[in-house]
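Chains as they are written, first to last, in the numbering used here: chain A, 196 to 476; chain L, 3 to 306. For glycine and all other residues, C-beta sits at the position ideal for the given N, C-alpha and C. Some notes on the structure that comes next.
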Amino acid sequence: MPLSNSWGIKMNSPAKPFVSQELTWTPFFSLLKREVQRFLKVAVQTLLAPMINSGLYLLIFGLSLGSRIQISDGTSYLSFLIPGLIMMGCLNNAFSNSSSSVVGSKYGGELEDYKAAPLSSQQIIWAISLGGLFRGLLVGLVTFIVGEAFLYFQNGEFLSIQHPVLLVFFLTVGGLSFAKLGLSAAFWAKSFDHLAAFGTFILMPLIYLGGVFYSLEHLSPFWQTLTQFNPLFYFINGVRYSILGASDVNVWMAFGISLIMLLLFHGFALFSLKGGSFNRW
Amino acid sequence: MIPLKVSNLVKKYGDLEAVKNVSFEIQSGEIFGLLGPNGAGKTSIISSITTIEKPTSGSIELFGGRVERENKAAKAILGVVPQELVNHGFFSAFEVLEFHSGYYGIRSNKKHIEFLLNKLGLWEHRDKKIKQMSGGMKRRLLIAKALVHQPKLLLLDEPTAGVDIELRASLWDFVRELRDSGTTILLTTHYLEEAEELCDRVGVINHGKLIKIGPTKQLIKELTSRQVAIYLKNKLPPCQHINLIKSNAQEKSMLFEISNQTGIGELLAQLKFPMEDIIDIQIQEGRLEDAFVKLLGDKNELTS
């Protein structure tokens with residue numbers, strides 16, 4: 196069928212008269228919906244892969260090496276490790292969700308659509324970072340379930356959550372912060388390699404050295420001091436306190452620093468949207 | 003109200019001044035063409051209107067509202083078809099159009115999306131992912147995207163670049179239909195045939211400067227001349243007329259070039275050929291391309 200035939204109809208849309216537009220919330224929720232659907236469409240990469248990842252950590256560190264590591268208050272190493280892995284999964288996935296969404300949209304040219312559309316910078320940031328947060332929370336939940344299974348298998352008991360409200364707070368603030376950081380990095384990135392370098396040289400060292408796998412008491416005084424300058428240390432120990440009821444830092448200090456991080460990373464994101472590039476690669 | 007008013011627009015990229023103090027207005031319900039060779043600054047102007055680029059100086063008004071990054075009302079009445087194709091990773095054509103409607107504040111737009119998909123011959127491809135689509139389909143999807151919110155002003159940046167002849171013709175029909183149903187259209191192109199065919203008015207831009215603006219027909223008339231071929235029955239008479247550009251003894255024809263102000267009668271009166279000797283007179287009006295060449299001075303520049 197030649198095209199011209201199907202175009203022969205008069206340009207009279209059934210949607211006339213002009214559709215009323217709701218420019219306050221609809222653009223924001225549409226972008227949020229897109230962000231969530233994006234990672235759900237590739238759930239194998241975005242949810243299953245992190246699950247296998249944390250399963251491997253639990254197997255190697257928790258079960259095989261963990262029996263030789265002592266935590267002073269008598270907690271098993273596996274219980275100590277689970278909160279750290281939950282937060283690591285949450286932060287990592289929040290970061291990679293927003294960064295790969297932005298970078299992917301740059302690659303396809305879709306990012307320019309956001310700029311031309313009636314979406315404010317704040318709306319773009321919140322929609323993309325909430326998308327990242329949802330993925331972070333899902334991965335955190337999945338890690339928690341896998342961890343519980345390991346714990347039950349090894350010790351015949353489940354880990355109960357001591358402070359659920361605080362747990363939600365730390366996961367939410369951490370996930371949002373890292374989603375915003377990922378968004379900022381992606382707006383400045385000039386290529387996929389650029390973004391990967393940020394992950395390898397900055398993000399990974401901060402996460403691994405942030406106390407996921409060890410307690411401060413296992414470190415020499417020099418590393419103890421250095422670790423206290425790592426903002427991730429507070430996110431991770433906040434979650435550890437929420438679940439176990441004890442951690443390396445005062446929980447209210449962790450609370451305060453987490454909020455400061457969120458503000459700081461939101462500022463980064465806002466700055467990146469104004470100064471970074473929407474242009475396609 | 004004037005759909006689009008560009009005043010003293012300047013856009014610099016470092017030392018390069020891509021747009022040099024350009025001002026123009028588009029009237030309601032017209033198709034306005036921005037013509038120019040590649041790299042003339044057309045896309046920089048479009049990107050400034052859509053806020054993808056920030057102008058170095060100058061202002062842009064859409065229906066009286068100033069175009070700025072955070073001015074949602076101005077953006078909501080504007081539809082844009084970018085020059086380059088867009089990919090949408092994992093989403094289908096229908097999903098892309100739904101999201102796009104949402105970005106423009108329309109929560110449920112199923113009817114209009116269905117209408118557009120049908121109209122653009124994409125209905126049977128609605129569930130295809132964008133990466134599975136051909137170039138022509140992607141181009142039509144871009145147009146559908148730009149129309150989901152029924153914009154009052156539509157920007158088409160080189161809409162037929164890399165499009166086959168059949169699709170081009172149907173796109174032209176569609177653009178005319180859009181105009182007739184009340185949409186104002188700004189299109190950029192370097193295909194002069196397209197501009198001549200479609201545009202009510204054109205602005206010619208070169209090296210970032212707007213060098214000419216006016217109704218297409220008037221521009222052609224002003225800047226081109228007519229060619230008059232006269233075919234004779236008998237052998238060609240001697241002729242020294244200043245407008246004679248070629249004579250062909252074999253065909254027994256003579257070709258004259260006269261300005262649009264000179265009448266045919268005037269020419270014939272000057273030539274004094276006997277009426278019964280004339281078999282045929284063929285007149286060829288000037289084309290936009292000729293006007294363009296005259297404006298830019300160098301034909302190579304527009305095709306390069």
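Cutoff 8 Å; reference residue 324 of chain L; Cβ partners in own chain excluding five residues on either side: A query on residue 324 of chain L cannot be resolved here, the shown segment of chain L reaching from 3 to 306 and no further.
Span of the beta strand (DSSP E), counted from its first residue to its last, around residue 15 of chain L: 6-15
Please confirm whether residue 292 of chain A has its beta-carbon closer than 9 Å to some beta-carbon of chain L. no
Whose C-beta lies closer than 6 Å to the C-beta of residue 147 of chain L among residues of the same chain, with five residues either side of it excluded? 102
How is the alpha helix (DSSP H) around residue 217 of chain L delimited, first residue to last? Per DSSP, residue 217 of chain L belongs to no alpha helix (DSSP H); it is in the beta strand (DSSP E), 211-217.
The alpha helix (DSSP H) that contains residue 132 of chain L, what's its start and end? Looking at the DSSP string, residue 132 of chain L is not in any alpha helix (DSSP H), and its letter there is neither H nor E.
Go ahead and label residue 243 of chain L buried or exposed: buried means 16 or more other beta carbons lie within 10 angstroms of its beta carbon, across all protein chains shown. exposed
Is the CB of residue 30 of chain L under 9 Å away from at least one CB in chain A? no
Does the CB of residue 235 of chain L have a neighbour CB from chain A at under 9 Å? no
Could you tell me whether the Cβ of residue 210 of chain A comes closer than 9 Å to any Cβ of chain L? Residue confidence is low: residue 210 of chain A scores 46 on pLDDT, short of 50, so the model does not pin down where it sits. Its coordinate-derived value is still stated next. It does; some Cβ of chain L falls within 9 Å.
By alpha-carbon positions, which one of L:89, L:215, L:75 ends up nearest to residue 106 of chain L? L:75
Run through DSSP, which three-state label would residue 61 of chain L get? strand
Can you name the residues that DSSP bridges to residue 230 of chain L? L:258, L:285
Taking 8 Å as the cut-off, does the region 40-59 of chain L touch the region 282-292 of chain A (at least 3 CB pairs, one atom from each stretch)? no
List the residues that DSSP assigns as beta-bridge partners of residue 203 of chain L. L:34, L:217
Same chain only: Cβ atoms within 6 Å of residue 473 of chain A, ignoring 5 sequence neighbours per side: 306, 307, 310
Using 9 Å as the limit for Cβ to Cβ distance, is residue 44 of chain L near chain A? no
Going by DSSP in three states, residue 48 of chain L sits in which element: helix, strand or coil? helix
Whole runs of the alpha helix (DSSP H) within the region 278-366 of chain A, excluding any shorter than 4 residues: 306-311, 316-350
Residue environment, residue 429 of chain A, which counts as buried when at least 16 other CB atoms sit within 10 Å: buried
What residues in the region 301-319 of chain A bring their beta carbon closer than 8 Å to a beta carbon of chain L? 302, 303, 304, 305, 307, 308, 309, 310, 311, 312, 313, 314, 315, 316
From residue 118 of chain L to residue 111 of chain L, what distance separates their C-alpha atoms? 11 Å
What residue range is occupied by the uninterrupted beta strand (DSSP E) comprising residue 25 of chain L? 18-28
Name the DSSP bridge partner or partners of residue 68 of chain L? L:63
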